[in-house]
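Chains as they are written, first to last, in this note's numbering: chain A, 1 to 190; chain B, 191 to 554. Glycine included, each C-beta is placed from N, C-alpha and C at the ideal position.
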Amino acid sequence: MNKAVSTLMLLMLPALLHAQQLNLEEYEVKAFAEMALEKVNALSNNLTILCDKTETAEKKEATMMLALKLFIDDRQTVETSSLNSDEVKYERIGVYLNRLRTLPYKQVTVKWYDVQYVSKLKKGTDGKYYATITVFQEFTGFGPEGQILYRDHTQKNIDIVVDMQTTRIGDKEFESPTVKLGSIKVIQTK
Amino acid sequence: MMRIVVIGILVLSSHLTAEGQIGVGVRTGVGLTTMTAVKSEPLKVVAKPGASVGLFGEFGLISTEALSVMFVTEVGFEQKGFRYKDADGDWVSFGVDYIQMPLVVKLAIGKKRLRGTLEIGAFAATPINAFARNSYGEKDRGTLKNLTRYDVGAILSGGLEFKLGPGALFTTIRLAQGFVDPYGKKLDGYQVNIAPSISLGYVARFGKGKAVETAQREVTAVQEEIAEVVKTAEAISEAVLEPESQSEQTNAQELKVVSGPGNAQAAAATSDFGALIQLNKRFDAIADPEVDTTTRTVNATEVLNQFIGPDAVVILLKSGVVVDYYSISEFLRYIELNHFKYKITDREVDASGLMSQIRVHRID
Chain A
1 MNKAVSTLML LMLPALLHAQ QLNLEEYEVK AFAEMALEKV NALSNNLTIL
51 CDKTETAEKK EATMMLALKL FIDDRQTVET SSLNSDEVKY ERIGVYLNRL
101 RTLPYKQVTV KWYDVQYVSK LKKGTDGKYY ATITVFQEFT GFGPEGQILY
151 RDHTQKNIDI VVDMQTTRIG DKEFESPTVK LGSIKVIQTK
Chain B
191 MMRIVVIGIL VLSSHLTAEG QIGVGVRTGV GLTTMTAVKS EPLKVVAKPG
241 ASVGLFGEFG LISTEALSVM FVTEVGFEQK GFRYKDADGD WVSFGVDYIQ
291 MPLVVKLAIG KKRLRGTLEI GAFAATPINA FARNSYGEKD RGTLKNLTRY
341 DVGAILSGGL EFKLGPGALF TTIRLAQGFV DPYGKKLDGY QVNIAPSISL
391 GYVARFGKGK AVETAQREVT AVQEEIAEVV KTAEAISEAV LEPESQSEQT
441 NAQELKVVSG PGNAQAAAAT SDFGALIQLN KRFDAIADPE VDTTTRTVNA
491 TEVLNQFIGP DAVVILLKSG VVVDYYSISE FLRYIELNHF KYKITDREVD
541 ASGLMSQIRV HRID
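Quick look at the structure:
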């Protein structure tokens, strides 16, 4: 009997693990794809605020919180590069966002443009949906006199994931498919 | 008699199918069946393990976000029986295989992927095979003729189901209590089957459930369109209610008279409509980079005052699909920092008139 119960549980296990598979309809995939673009644009706005030396610490703190909410979790990484080095470094998203607030320039501007999908949302073997959005970033660091000390243009790819997420607001929990940003990788810098 | 029952089930099923979602499923399980004595000295019996397998159909009766009520018909194979010690102290095992047809009402409770289920109903069964075997391995297959040709009883079960694909994976613990003595007058007293079992299965669901989701999405899309119309109406009403000429003033007064003293329901609807317009205007002001910080802060405070608290829920929609959740305080920050323009699609208000949840969609 014990053997029968154990066998039954073993038979159930893969099915239970499989239970988190998403099956999105086409209109849902489209909606999440639109939301992913909105989140990338939101991140772009957030980066601008975090770099802006004229913004208040309170506003930057609120921006940090909102920016982190765009990502799957705080373990996602961001690759960074420089024209002064061939090395591509990476750091966790929280560390990266915090570092933007303290860059050694009088003023910093980060502009993202040509935001577009390089691979559309498709279902992966693990049941989640994945896509990649590419952005072109213009980073400019200004000196005390307003002169440009550093400027580069970097193409970056952002991982997009749609997965079941539990969102907690106050004492309520909502479980639903949610689109989040993943790690950000450098493609090229010039 | 059986033909009447079958025809009755088919007629009922066809009617119910028209009312709601239908499902087809399979279950398999193991149980420990035994007999209980009702009007005799209890037999000193022990349980005998048995297997079961069944095919069933589900017919939706009621379906809300948190509760589904279904009618379930099933045809299954069930192994029942028991073991007992005879006068010589040797174990004798009785096994009876039944074709069993349960009819149950099933409740599925919960609105997440994991739901609890409760089934209550009855079953009818007929034995198709029986045997008696002693501890020496001697088997008598001639016991079927000694059995009552039918059994009826009650079913109670509880379990869990996990949404998976087009249906759900489920597990249930079921108790089937027979009311008929399988051995009639051939054994002393009066005994009945009792069969607790655990089952695992899958049900694929089709039809109106998906249609309801689609309909809800379409309703939301229509609500979004209405919100667009409201936006246009705002612009028109602003133009009408801020007239520059005397004749325009008169027209505006006439307009106010028409919309003013209606019945209570109309007044409430007008008030609700006005509140939504006002709230949308405040959202616009908060998201507008041209508006100064003080005005944005005042508008944010006014908005928060209309909610139960900073943790009131904001559900973001795209084409009627829920794509994200924010608290109202986070949402106001989100639209302020990003200059994203959102409009309210609908709202939930508590007894004190404060909003506990709103659904919004992007308009720019």
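- Setting aside the 5 residues that flank it on each side, A/Y129 is surrounded in the same chain by L121, K123 and V162, each with a C-beta closer than 6 Å to its C-beta; the list follows chain order.
- Note: A/M64 is not bridge-paired with any residue in the DSSP secondary-structure output.
- Only exposed fits A/K190, as fewer than 16 other CB atoms lie within 10 angstroms of its CB.
- According to the DSSP secondary-structure assignment, A/Q188 is paired through a beta bridge with A/Q155.
- Between A/F71 and A/I93, the beta carbon gap of about 5 Å places them in contact (Cβ cut-off 8 Å).
- At a cut-off of 8 Å between beta-carbon atoms, B/Y326 makes no contact with chain A.
- Here B/L544 carries a coil assignment [DSSP, helix/strand/coil].
- When the beta-carbon positions are compared, B/T218 and B/V235 stay at least 8 Å from each other.
- Around A/V179, the beta-carbon contacts reaching into chain B at under 7 Å are V513.
- When secondary structure is reduced to three states using DSSP, A/I93 falls in the helix class.
- Contact note: B/K533 does not reach chain A at a C-beta cutoff of 9 Å; the least C-beta distance is about 15 Å.
- Listed along chain A, the residues sitting closer than 7 Å to B/V503 by beta-carbon distance are I169 and K172.
- Spanning the alpha carbons of B/T485 and B/D478 requires a straight line of approximately 10 Å.
- A straight line joining the alpha-carbon of B/D554 with that of B/L308 spans about 47 Å.
- When the Cα atoms are used, A/E38 and B/H529 turn out to be separated by approximately 11 Å.
- Excluding residues up to 5 positions away in sequence, I476 and L522 lie with their Cβ nearer than 6 Å to the Cβ of B/A490 in the same chain.
- The alpha-carbon of A/N46 is positioned some 26 Å away from that of A/E28.
- Around the Cβ of B/D278, a 10 Å sphere holds fewer than 16 other Cβ atoms; the residue is exposed.
- B/G368 and B/P356 have their alpha carbons spaced roughly 34 Å apart.
- When secondary structure is reduced to three states using DSSP, B/V342 falls in the strand class.
- Taking A/V179 as the centre and dropping the five residues before and after it, the same chain places the C-beta of F32, M35, A36 and V162 closer than 6 Å to its C-beta, in chain order.
- One alpha carbon belongs to A/F174, the other to A/G127, and they sit about 20 Å apart.
- Beta-bridge annotation (DSSP): B/K353 is paired with B/A358.
- Around the C-beta of A/G170, fewer than 16 other C-beta atoms lie within 10 Å, and the residue is accordingly described as exposed.
- Contact annotation, B/G240 with B/G221: C-beta distance approximately 5 Å; criterion of less than 8 Å satisfied.
- A direct Cα-to-Cα measurement between A/S81 and B/P500 gives close to 40 Å.
- One thing to note: B/Y515 has its Cβ no nearer than 8 Å to the Cβ of A/L66.
- B/P292 is not a Cβ neighbour of B/G271, given a cutoff of 8 Å.
- Taking all protein chains in view, the Cβ of B/V294 is crowded by 16 or more other Cβ atoms within 10 Å, so the residue is classified as buried.
- In terms of Cα proximity to A/K156, the closest of A/K30, A/Y90, A/T56 and A/K53 is A/Y90.
- Bounds of the beta strand (DSSP E) holding B/Y392 are Q381 to F396.
- Going by DSSP, B/R486 is part of no beta strand (DSSP E) but of the alpha helix (DSSP H) stretching over T483 to N495.
- Within the stretch 73-123 of chain A, the complete beta strand (DSSP E) segments of 3 residues or longer fall at 77-82, 85-92 and 107-123, listed in chain order.
- For B/E538, no CB of chain A lies under 8 Å from its own CB, so it is not counted at the interface with that chain.
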